[in-house]
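Trainee:
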Amino acid sequence: MLVNKKKLAAMVDSASSQTPIEGRSQWQDAMVRFKQNKAALVSVFVLFAMITIAFIGPLLSQWDYETIDWALTGNAAEMGAPSIANGHFFGTDDLGRDLYARVLQGTQISLMVGIIGTVVAVLVGVLYGAVSGYFGGRIDNVMMRFVDILMSIPYMFILIILFVMFGRSVYILFIGLGLFSWMDMARIVRGQTLSLKHKEFIEAAVASGVSDFTIIVRHIVPNLLGIVVVYTSLMIPNLILLESFISFLGLGIQEPLTSWGALISDGAKTIQYGTLWQLAFPLGFFITGLFCFFFIGDGLRDAFDPKDR
Amino acid sequence: MTDIIKPMFEVNNLKISFATNDGIVEAVKGVSFHINPGECVGIVGESGSGKSQTFMAAMGLLAKNGHADGSIIFQGHNLLELSVEQLNHVRGKNMSMIFQDPLTSLTPHMTILAQMREVIALHMDLNQADTDRVCREWIDRVRIAEGARRLNQYPHELSGGMRQRVMIAMSMLCSPSLLIADEPTTALDVTVQAEILDLMDELKRENGTAIALITHDMGVMARMCDRLHVMRYGEYVEEGTAEDVFYNPQHQYTKMLLDSMPRIDNPDRTSHHKLKPIDDSQTGDDFLVVDDLKVHFKIKVGGGIWPKTLPLKAVDGVSFKLREGETLGIVGESGCGKSTLARAVLQLIPPTDGVVTWIGKPLSGLKKEELKDKRKDLQIVFQDPLASLDPRMTIASSIMEPLLTFAAHMSKTDMKERVMKMMDRVGLNRNMINRYPHELSGGQNQRVGIARAMIMQPKLVICDEAVSALDVSVQAQIIELLIDLQAEFKLSILFISHDLAVVREISHRIMVLYLGRVVEMANSRDIYDNPIHPYTKQLISAVPVPDPKIERARKSIKIPGELPSPMDPNAQFKFLPSKRDQVAQGYQPKLIEHSPGHFVAEHDPLETLLA
Amino acid sequence: MFSFIIRRTFSSIPTILILILISFALMRLAPGSPFSSDRGLPPEVLANLEAKYGLNLPWFEQLYTYLKGIIFSFDFGPSFKYKDRSVNDILAQGFPVTLTYGLWSFFIAVAVGIPLGIAAAVRHNTKLDYLAVGFSIGAQVLPNFVMAPILVIIFTLWLNWLPGGGWNGGEWQYVIMPVIALSTSYMASIARITRSSMLEVLSANFIRTAKAKGLANSSIILNHALKPALLPVISYLGPAFVSMITGSVIIDIYFSTGGMGQFFVDAALNRDYSLLMGVTIVFGVMTILFNTIVDIAYAWLDPKIRL
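Chains as they are written, first to last, in the numbering used here: chain A, 1 to 309; chain B, 1001 to 1611; chain C, 2001 to 2307.
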């Protein structure tokens, strides 16, 4: 139970009444708050480092992600352990492929799935939600009922069926995941639009003769941006999770390409042979990456909506 | 004499501070006072003065980041030193509290009875039957009709006034010696406020309960309090008996508060800007004509397998005319349709029926583009200053927005110059041009809203509760600003408010709305000096006057029965019960010209209604 | 309340129909016949096969037969791949397994998550709170497919306490790891949501009223705060159930429990469309029914909806 913010502000205000000329927008305020959040800030750096390594790291290795080191094949459990000497920094997988190269390749794919899928989901979700919220009434009813229906069926199964039937290309994976993840975003954006629509500043704009289109562009979209940014940042790790899930089942990404989920699946299948590194390295990347995304997302949420905690 | 009485509640050098992100904020800076048994002590102050925090500390309800120093002695114990368990034997039993917001102060998923039973189970030793009997007695005592049925309802099924009465009944169950009331009537309509205040006064007299009343309203103070303290920035700037403070204020701030308070009994205070009289010979008659305007909404009612819809007649046949340079005040309680009327006049809500004519041309049924041209001359100022500005735009961009629509040919520098001039005009410092709404105070934001409305120099401005959310001192400034702007630009104003005293200050003519229909319309002076309709009389008698002698001598008129729901077809007949049997034929009370320019809706005499 | 239940139950029927239509449409849109991957089948054999499964009929007749089968006799038709088994047989074998550990997981996630969240909120900013928050943040990155191998490493390979897979008629040793793997991340989410909604409710005005009455903390929490604080948790349970059902596929695969998930993945790899549809529809109907129950529970907690 915190004391009413407004009241405190009034108390502070009445205590000191200087007026600096430069105003500070809500975005600037949010960024200041975000920078005060240590976990989020560290996550930004770690994530940046991870992206750099994922794309530049493969150049440092003599092995690529699909070449089999025949010297080790069939004997990965004993000779495939991580070693600087033979150039397999993270060891090799069961087939003798270099795990370092594979993990970095998987990181690329997983990050891309997360980001491209999110872009698709955000585009669809924001558009759908904004249309539904702004027009309201019967259109809104029908559109939201449809979302309710989609959300109450286990769409993952349908997604998997789709993959199986239409071939498992990476692009279908990217777009398919996005197309099955926009409902939450649509709901949030719709709710926000609906409440914005009834705000008095929108009425004031209508009363000043501003056209519908300008109102959407000038008032509604900028005010949606904060919440969209926050939920976008929280959606990326969830899409990575989804992709990993499908790939873990062996229904997602196709060999020789790989992703975090597929690598974890491979590593998990062989743990009883003592090749712990095959699980540990992908898992380490996976957990670090997800943590970073979650911390950044939480940090953004706290920054944009400070009353939450 | 009074010296012999031992105070029951004593506060000594109380300091309260809050640890915030911006450092420690001192909300209360060392106050001392006492309350004697059976008296009503008032704490008055504007928002942010720290007036509630003292009692929050006494009740152990300070926010977690708050800290209190000093002592609060109640019945021999220092409340600040009691543990929560010990405090639980005191609060709710010997000392209880009611809050400002009755809508959210009751637990939503428990019935009224369940919430009342809890108190008795906790503090008294009664069996089930006695418990229920006591609850029932108190529900009747606070005059809630159909008590037995109400007790088994959930809070959301009760109106705001009823919920506040439930709160009072609940806090009186154990006959406490001190009742703390924190802005108990601020969220309520005036007529309901009058009833609640009378009820509290009665409890004080009959049960000997002492009352600590916290409010911003000097009128309420004048009606209720024996002694009062004026608080500002966490300190008492003045204290004394009601007579002393009202008739012989010492501190500048008290004088200012009393002076800012609009007075329903005396609108022509010398310190205020005068409303410019209307020159009948010069002004035409058909500036704005509203004829039989209706706005009906479809409302889903009840559950069942197939829910039904019923029409809610928010505005049901309102007609009036407005001349150039004139202010028409529109008053009514919540739900009377005054805001809907404003929006329908501006075509922000499409009217269901009726015609709005603006300088000879109908506004209704225009195409978007044609309407846009008219909007240049028709502006609106809203109630909530913060919500009416886009939080992501600087105040200059907000003020400039109409220019972008209507004067797109102007250069950016010209626009900026014009914005600056308007900012000067409404009393905003030019150096605030780049600031954002959340950085300004409510009064400043309302000035921004007025600047935006005025920048195209419109001919009509509708003020929808434009000063209701502001502190009295700020309120007075904004009203003066509006009066000045009107004189300067020959502006017509529709001034909508629930506050009759404020409306009186600014309006030439006044229209009283009741559930979507006009009940009385006349010159400002006629309405207040010679109200005819019982509802108008009731409204006027309910507004407290900041003068203890006058206020206590006045008798408020109470017409029995709750405010009916606007969906009830009988609603309009609350003041015309003699013709209630004609509802079925679609009969509606007619508006009759009582004397020239003074219109009154058909009604039964007040005496019959009170009987 | 009664009429609300009736209304809500009826409104789930179109959802079920849409689900059936979507899966049916997907099967029809699939390129090629389910048998075309069996290379080397002579065309007349293929035609015979298709005729046997009614695939040569116009689509609306197929849909009609299929719907009729489901609605009147709960019959999903024959499997395309397991030549002598019907989809019903296979479902009857896998469903009880999934249901057993699924219900346990759900129950444990709720029974641990909610009290944990409440405790964290009530003891806000204490060690217990930090522990709960730490757990719920940590468990976000421990979805079932991460939990499963980690559990196996610990309990099977290192400690040798539990079998690494199998079902064995649902003996308890075989159930523990699937349940923990499936429930952990949901437990964490439930705890997180409960905590934040409880914190919010505890700052509401009516809690202040309850304190002013002199009520003890425990009765404030139980009688006044709990019901409204559970509302967001209840609405999370719907999506959580959907995603748990999805997660069961991982459990079935990784622990070889023989549940529905295993058949689903086999069917997906083998293009056994009738089995795919059967599994999807059964899971779908379960989630829709569950969502209905959730909505009714919500209405029961919130008197404003009940009307």
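Where is the CB? At the ideal position from N, CA and C, for every residue including glycine.
All values reported here derive from a predicted model rather than from experimental measurement.
#1: Does residue 1166 (chain B) have its Cβ less than 8 angstroms from a Cβ in chain C?
#2: To which residues of the same chain is residue 1117 (chain B) closer than 7 angstroms at the C-beta, ignoring the five residues directly before and after it?
#3: Check distances from the C-beta atoms of the segment 1368–1381 of chain B to those of chain A and list, in chain order, the residues that come in under 9 angstroms.
#4: What do you get for residue 32 (chain A), buried or exposed, if any count of 16 or more other CB atoms within 10 angstroms of its CB means buried?
#5: Is it right to say residue 2295 (chain C) is buried, meaning 16 or more other beta carbons lie within 10 angstroms of its own, or is it exposed?
#6: Confirm, please, whether the CB-CB distance from residue 1567 (chain B) to residue 1349 (chain B) is below 8 angstroms.
#7: Could you tell me the distance, in whole angstroms, from the CA atom of residue 1495 (chain B) to the CA atom of residue 1412 (chain B)?
#8: Is DSSP giving residue 1311 (chain B) helix, strand or coil here?
#9: Please tell me whether residue 2268 (chain C) has its Cβ less than 8 angstroms away from any Cβ of chain A.
#10: Consider the Cβ of residue 81 (chain A): report whether some Cβ of chain C lies at a distance smaller than 8 angstroms.
#11: Between the segment 133–147 of chain A and the segment 101–109 of chain A, are three or more C-beta pairs nearer than 8 angstroms?
#12: Using a cut-off of 9 angstroms between C-beta atoms, extract the partners of residue 1101 (chain B) located in chain C.
#13: Can you give me the start and stop residues for the alpha helix (DSSP H) that residue 1966 (chain C) sits inside?
#14: Among C:2067, C:2117 and C:2028, which one has its Cα closest to the Cα of residue 2229 (chain C)?
#15: Quick one: what's got a C-beta closer than 8 angstroms to residue 1347 (chain B)'s C-beta in the same chain, skipping five residues either side?
#16: For the beta strand (DSSP E) containing residue 1517 (chain B), list its first residue and its last residue.
#17: Do we get a CB-CB distance below 8 angstroms when we pair residue 2209 (chain C) with the residues of chain B?
#18: Do you know offhand how far residue 1270 (chain B)'s Cα is from residue 1260 (chain B)'s?
#19: Distance cutoff 8 angstroms, beta carbons only. Does residue 2128 (chain C) sit that close to anything in chain B?
#20: Between residue 1489 (chain B) and chain A, is any beta-carbon pair separated by less than 8 angstroms?
#21: So the candidates are B:1326, B:1452 and B:1570; which of them puts its Cα closest to the Cα of residue 1509 (chain B)?
#22: Going by beta carbon distance, what residues of the same chain come within less than 6 angstroms of residue 1034 (chain B), once the five residues before and after it are set aside?
#23: Please give the ranges of any alpha helix (DSSP H) in the segment 1339–1370 of chain B, keeping only runs that are unbroken, at least 4 residues long and fully inside the region.
#24: Between the alpha carbons of residue 1209 (chain B) and residue 1176 (chain B), how many angstroms are there, rounded?
#25: Pair every Cβ in the segment 2046–2061 of chain C with every Cβ in the segment 2250–2258 of chain C, then say whether three or more of these pairs are closer than 8 angstroms.
#26: Residues in its own chain within less than 8 angstroms of residue 1478 (chain B) by CB, not counting five upstream and five downstream?
#27: Is residue 2018 (chain C) closer than 8 angstroms to residue 2281 (chain C) when the C-beta atoms are compared?
#28: To the nearest angstrom, report how far apart residue 1052 (chain B) and residue 229 (chain A) are at their CA atoms.
#29: What does residue 1509 (chain B) pair with, by DSSP beta-bridge criteria?
#30: Taking C-beta to C-beta, are residue 1559 (chain B) and residue 1534 (chain B) nearer than 8 angstroms?
#31: Anything in chain B within Cβ reach of residue 2303 (chain C), meaning under 8 angstroms, just list it in chain order.
#32: Please list, in chain order, all residues of the same chain as residue 163 (chain A) whose beta carbon is under 8 angstroms from its beta carbon, the five residues on each side excluded.
#33: Between residue 83 (chain A) and residue 40 (chain A), what straight-line distance do the alpha-carbon atoms span, to the nearest angstrom?
#34: In angstroms, rounded to a whole number, what distance separates the CA positions of residue 1213 (chain B) and residue 1368 (chain B)?
#35: With 16 as the cutoff for other CB atoms within 10 Å, does residue 1502 (chain B) come out buried or exposed?
#36: Can you grab the Cα-Cα spacing for the pair residue 54 (chain A) / residue 293 (chain A), in whole Å?
Mentor: Let me spell this out:
#1: Residue contact with chain C for residue 1166 (chain B): absent (no Cβ-Cβ distance below 8 angstroms to any residue of chain C).
#2: Hits under 7 angstroms: 1131 and 1135.
#3: Contacts with chain A (Cβ-Cβ distance below 9 angstroms) from the segment 1368–1381 of chain B involve 1368, 1371, 1372, 1373, 1374, 1375, 1376, 1378, 1379, 1380 and 1381, listed in chain order.
#4: Exposed, because fewer than 16 other Cβ atoms sit within 10 Å of the Cβ of residue 32 (chain A).
#5: With 16 or more other Cβ atoms within 10 Å, it is buried.
#6: Against a cut-off of 8 angstroms, the Cβ pair of residue 1567 (chain B) and residue 1349 (chain B) comes out as no contact.
#7: Cα atoms of residue 1495 (chain B) and residue 1412 (chain B): separation of roughly 33 angstroms, rounded to the nearest angstrom.
#8: Note: residue 1311 (chain B) maps to strand in three-state DSSP.
#9: It does; some Cβ of chain A falls within 8 angstroms.
#10: Chain C places no beta carbon closer than 8 angstroms to that of residue 81 (chain A), leaving this residue out of the contacts.
#11: Contact between the segment 133–147 of chain A and the segment 101–109 of chain A is absent, because fewer than three Cβ pairs lie under 8 angstroms.
#12: Result: 2205.
#13: Because chain C is modelled from 2001 through 2307, residue 1966 (chain C) falls outside the range shown and cannot be assessed.
#14: Nearest C-alpha to residue 2229 (chain C): C:2117.
#15: Around residue 1347 (chain B), the same chain offers 1356, 1363, 1364, 1366 and 1371 as residues with beta carbons nearer than 8 angstroms, after the five sequence neighbours per side are excluded.
#16: Start and end: 1517–1523.
#17: Interface residue, yes.
#18: Here residue 1270 (chain B) scores only 46 on pLDDT, less than 50, and its place in the model is too uncertain to base an answer on.
#19: Interface criterion not met: the Cβ of residue 2128 (chain C) is under 8 angstroms from no Cβ in chain B.
#20: Answer no: the Cβ-Cβ gap between residue 1489 (chain B) and chain A never drops below 8 angstroms.
#21: The option with the nearest alpha carbon to residue 1509 (chain B) is B:1326.
#22: 1007 and 1010, listed in sequence order.
#23: Listed in chain order, nothing qualifies, since the segment 1339–1370 of chain B has no complete alpha helix (DSSP H) run of 4 or more residues.
#24: Per the coordinates, the alpha-carbon of residue 1209 (chain B) lies some 7 angstroms from the alpha-carbon of residue 1176 (chain B).
#25: Inter-segment contact for the segment 2046–2061 of chain C and the segment 2250–2258 of chain C is absent: fewer than three beta-carbon pairs are separated by less than 8 angstroms.
#26: Here the set comprises 1443, 1446, 1447, 1450, 1466, 1467 and 1470.
#27: It is not a contact, given that the beta carbons lie outside the stated cut-off.
#28: Looking at the two C-alpha atoms, the distance is approximately 39 angstroms.
#29: Residue pairing of residue 1509 (chain B) in beta bridges, as defined by DSSP: B:1328 and B:1523.
#30: Against a cut-off of 8 angstroms, the Cβ pair of residue 1534 (chain B) and residue 1559 (chain B) comes out as a contact.
#31: Result: 1108, 1109, 1154 and 1156.
#32: Contacts found: 172, 173, 176, 246, 251 and 252.
#33: Distance between the alpha carbons of residue 83 (chain A) and residue 40 (chain A) is about 33 angstroms.
#34: Approximately 52 angstroms between the Cα atoms of the pair.
#35: By the neighbour-count criterion, in which a residue is buried when 16 or more other Cβ atoms sit within 10 angstroms of its Cβ, residue 1502 (chain B) is buried.
#36: The straight-line gap from Cα to Cα measures roughly 16 angstroms.
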